[in-house]
Amino acid sequence: MSLQIAFLGAGRMASAIVDGLLARHAAAPADVSVFGGAGPTASALSARTGVRLASDLPDLLRTADIVVVAFKPQHLASADARLAELTRGKLVLSVLAAKTLARLAKTFPHARNLVRTMPNTPAAIGAGVTGWAALQPLAPADRATVVALLGAMGREIELPEDQIDALMAVSGCGPAFVFEFTAALREAGVACGLARETAHLLALETVVGAAKLMAHTGTEPEELRNQVTSPKGTTYAGLQVLAARDFRGLLRDTALASRARSAELSAQD
Ligand SMILES: NC(=O)c1ccc[n+]([C@@H]2O[C@H](COP(=O)([O-])OP(=O)(O)OC[C@H]3O[C@@H](n4cnc5c(N)ncnc54)[C@H](OP(=O)(O)O)[C@@H]3O)[C@@H](O)[C@H]2O)c1
């Protein structure tokens, strides 16, 4: 990808994409420009990676073909009105949570296409999964660009925009659910008589190892579960409690609550 990419916002998410692009040689530092708010993030990202620090919005966007919008969702309402003209004819890709394509089109009305994306936090180490939807069907070259940009943070998947709230509930919020599960497993280990440090190590490595095993084998989780569950054995005894307390129903309600909140936020302007 030797297109010029401009980042509007240079915080954690922008850094994750820039780091991924550079590490995978999908872009060179000379292809990337960044511009942030009044704080130090853009100059810090530029100093750390060698990407160009733009002096203002016209400077950021003059030669850019792709614009990645990576400031906070609340910044959109007060975004510089010049962005409408400055992004004319460019491909605009937003990572803003809960900002719909229709809302983005108000700020970027002359973009050649708009892409709404929802990354998740493991993107910071290239292990994310990002769902995305485009306003118009993407031209083949733009599709390749989107896939390369988002692929720099891990896996990517296109889906209809009306499923982004559902994706938010699974992959967007999912890391926090897994963190909570891991902490609960650690506390359970302490309740079983382990020192906290030991329980932490065991819980963490178990979650990491089990996730790697699922990804490595491609085997359905139920099948892997069955492989380690002998009738009347130790795992069986534990799973009986999970079933009796409707663990799956609990997680379903958890995801439904997150989806509902995401839909509520997306409905706000
Ligand atoms: N972090 C995540 O895991 C995650 C996951 C999914 C989606 N997202 C989305 O990613 C976006 C960025 O999140 P983040 O965690 O990267 O935030 P962040 O680290 O706080 O970065 C925000 C960036 O926006 C800049 N900024 C502030 N005001 C601006 C303005 N008026 N114009 C241009 N840039 C401005 C900030 O610059 P200064 O601070 O230097 O002023 C900073 O570079 C959010 O919209 C969020 O919904 C984040």
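Residue numbers (this note's numbering): 29 to 297. Backbone N, C-alpha and C fix where the C-beta goes; we use that ideal spot for every residue, glycine too. As the structure is a computational prediction, the values presented were derived from the model and not from experiment.
Collapsing the DSSP output to three states places V256 in coil. Across the structure, A285 and A197 are spaced so that their CA atoms are roughly 8 Å apart. Nearest to H228 by C-alpha distance, out of L213, A161, G237 and R40, is L213.
Sequence-distant partners of L241 (beyond 5 residues in either direction) whose C-beta falls short of 7 Å from its own C-beta, in its chain, are L252. With contacts defined by Cβ atoms closer than 8 Å, T145 and V123 form a contacting pair. Assignment of beta strand (DSSP E) within the stretch 155–231, counting only whole runs of 3 or more residues, yields 156–162 and 182–186 in chain order. Contact between L31 and S61 does not hold, since the beta-carbon distance rounds to 12 Å and is not under 8 Å.
Nearest C-alpha to G37 among L50, L166 and A98: A98. Look at L114: its beta carbon is at least 7 Å from all of the heavy atoms in ligand 1. Here C220 is exposed, its C-beta having fewer than 16 other C-beta atoms within 10 Å.
E184 counts as buried, since at least 16 other C-beta atoms from the protein chains shown sit within 10 angstroms of its C-beta. In the three-state DSSP reduction, L278 falls in the helix class (H, G or I). Excluding residues up to 5 positions away in sequence, V143, R144, T145, V174, L178, E184 and E186 lie with their Cβ nearer than 7 Å to the Cβ of W160 in the same chain. For S74, the enclosing alpha helix (DSSP H) starts and ends at T69 to T77. One Cα belongs to D84, the other to G64, and the distance between them is close to 9 Å. About 4 Å separates the Cβ atoms of G182 and G156, confirming a contact at the 8 Å cut-off. Around the CB of N141, 16 or more other CB atoms lie within 10 Å, so the residue is classed as buried.
Selection L81, K118 and L73 evaluated against D93 yields K118 as nearest (Cα-Cα).
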